[in-house]
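Residue numbering for the sequence shown follows my numbering, starting at 173 and increasing by one per position. A virtual CB, placed ideally from N, CA and C, is assigned to each residue, including glycine. If you're wondering where the values come from, they're calculated on a predicted model, not measured in any experiment.
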Amino acid sequence: MRVSNNRVATPSAAVAVRSTLTTLTTALGTAGLAAAAANPGLLAEVDQHAAGVRDSLHGDRRPLTVAALAGYAEGLREAATEHGWTPPVEAVDWSAPDWLLTRLLAVCLLARGLDPRHLA
């Protein structure tokens, strides 16, 4: 019996996109969203970035998905890396995060709003 390629690739692709968001949330989202909850200015910035991400992904026309958010975050990181950015190795100072970290935090905020069954 022959199994089509799309059936084999789909589970591993789904695991990969969930893993991307889980890793991002672990690395930045948990601490960053806690900091935003305690800092209205940061929360406002994150909300503005979340609106920008939604707009980029046409979230007003179709629901956001794990794959779309993971792809967006990966694209941001790849572009930033090409321009010399390196991920933080120490705790982020959320009192003055740069644009990229704020944007990635917005992705975490949007991912939090997805159905949790899609992230597990």
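Asked	Found
For the alpha helix (DSSP H) containing Ala268, name the first residue and the last one.	First-last for Ala268: undefined, no H or E at that position.
Which class does Thr237 belong to by DSSP, given the choice of helix, strand or coil?	coil
Taking the alpha helix (DSSP H) that Ala222 falls in, what are its first and last residues?	212 to 228
Taking Cβ to Cβ, would you say Val189 is nearer than 8 Å to Ala278?	no
Does Leu286 come out as helix, strand or coil in the three-state DSSP assignment?	coil
On a Cα-Cα basis, can you pick out the residue from Ala207, Gly243, Ala210, Ala203 that is closest to Ser228?	Gly243
Which residue wins for smallest C-alpha separation from Ala240, given the options Ala252, Ala208, Leu282?	Leu282
Between which residues of its own chain and Arg226 is the CB-CB distance below 8 Å, once the five residues before and five after are set aside?	Asp232, Leu236, Leu282
Between the beta-carbon of Leu273 and the beta-carbon of Ala245, is there less than 8 Å?	no
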